[in-house]
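Input: a single structure, listed below in structure tokens.
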Amino acid sequence: MIVEIHNFDGNPPPQGASEPMRLALQRRFSVSPDGSEYWLAEPMAPFAYKTRAGQEMTVSHVVVGPGWSGQTFEPGFHGRVNLAYVTDPSLAEQDAIEFAKADYVAYGAGSIAV
């Protein structure tokens, strides 16, 4: 499935991103501390990002999730999408989401297509 984020709450896209941002959903994290749905996704093209800690990196994975509790990503989804850039590559191999391994950058209006 592809998630397309086409509006970042009326703000410019977060650092490094373009609008619309297109991401290929890879897999759902099976464990999350708050019970919400989170997915590992890959941007269609990796991009440069400076982390909150000041480290320059290339974003090759992001974490996305529906913006409201109880929502789920499925074909036809339209709604708020939360977005975090993965800053620790080990997160891509884990079953559980660890928020310390990603920088939350924005939320926006998004949709899911197959």
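Counting from 1247, one number per residue, gives the positions in the sequence shown under the working numbering. A virtual CB, placed ideally from N, CA and C, is assigned to each residue, including glycine.
In this structure, how does DSSP classify residue i when only helix, strand and coil are distinguished?
i, result
"Ala1346", "helix"
"Glu1283", "coil"
"Glu1302", "strand"
Please report the straight-line C-alpha distance between residue i and residue j, rounded to a whole angstrom.
i, j, result
"Asp1341", "Gly1354", "25 Å"
"Trp1285", "Ile1343", "9 Å"
"Lys1347", "Val1332", "6 Å"
"Asp1255", "Phe1345", "22 Å"
Could you tell me which residues DSSP puts in a beta bridge with residue i?
i, result
"Tyr1331", "Val1308 and Asp1349"
"Gly1356", "Ile1251 and Gly1325"
"Phe1293", "Val1305"
"Glu1288", "Ala1270"
Out of the options, which has the shortest C-alpha to C-alpha gap to residue i?
i, options, result
"Phe1323", "Lys1296, Ala1346 and Ser1357", "Ser1357"
Would you call the CB atoms of residue i and residue j closer than 9 Å?
i, j, result
"Leu1337", "Tyr1350", "no"
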